[in-house]
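Numbering (the UniProt record's numbering), first residue to last: 1 to 135.
Worksheet: one structure, shown below.
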DNA sequence: CTTCTGACA
DNA sequence: TGTCAGTA
């Protein structure tokens, strides 16, 4: 049974889906942040994970991270499959990424990461308040 | 017409 | 990073 078909993504689609310029994408490739395959004509063939990485890179870059920092932070796709902790680390990163978003109400639980972090963050504050009220 | 590499106001 | 050149 085949998994998801690794449909080759062209540079054009990569640009459209990431909002990055071809110049930026090639530069990130040159910096070994992504590892797209190549066609016989030396054309870059991006995978779905490459697109995800590009979006991640765009986000980290906008957050003020350097290329070097991002390279260390994201490791290689290979390491993610082998190292179990890489996945946990990735999950923690996801929490930090999404938890910064505002959370007005607890009802629209569309952002579970924000909710999770908000709960863990206010945990001691809530206890302090309850402690004060009880005394 | 689009992508690729190398180079540079 | 943008962009121009010269290919493929």
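All C-beta atoms in this analysis are idealised placements derived from N, C-alpha and C, irrespective of residue type, glycine included.
All values derive from a computational prediction rather than experimental measurement.
Mind reading off the beta-carbon distance from residue 44 to residue 53? Whole number of angstroms is fine, and I expect it under 8 angstroms.
Locating residue 44 in the first chain gives position 44, counting from the first residue. Locating residue 53 in the first chain gives position 53, counting from the first residue. Contact flag wrong, Cβ pair sits at about 13 angstroms.
Spatial neighbours of residue 129 within its chain, please: CB distance less than 6 angstroms, with the 5 preceding and 5 following residues excluded, ordered by chain position.
Counted from its first residue, the first chain places residue 129 at position 129. Legend: pLDDT at residue 129 = 45, less than 50; position of this residue unreliable, no value from coordinates given.
Can you say whether residue 91 is buried or exposed, counting buried as having 16 or more other CB atoms within 10 angstroms of its CB?
Taking the first chain and counting its residues from 1, one reaches residue 91 at position 91. Exposed, since its Cβ has fewer than 16 Cβ neighbours within 10 Å.
Could you give the residue range of the alpha helix (DSSP H) that holds residue 9?
For the purposes of this step, residue 9 is identified with residue 9 of the first chain, where counting begins at 1. It is not in any alpha helix (DSSP H) - residue 9 carries neither H nor E in the DSSP assignment.
For the candidate residues 50, 31, 23, whose alpha-carbon lies nearest to that of residue 9?
As a first step, residue 9 must be located in the first chain, where it is residue number 9. The residue with the shortest Cα to Cα distance from residue 9 is 50.
Is residue 18 buried or exposed, if buried means 16 or more other CB atoms sit within 10 Å of its CB?
Here residue 18 refers to the residue found at position 18 of the first chain. Label assigned to residue 18: buried.
Leaving out five residues before and five after residue 65 in sequence, what residues of the same chain have Cβ atoms less than 8 angstroms from its Cβ?
Position 65 of the first chain, counting from 1, holds the residue named residue 65. Around residue 65: 73.
Spatial neighbours of residue 87 within its chain, please: C-beta separation below 7 angstroms, excluding the five flanking residues on both sides.
On the first chain, residue 87 is found 87 positions in, with the first residue counted as 1. Excluding positions up to five away in sequence, the list reads 80.
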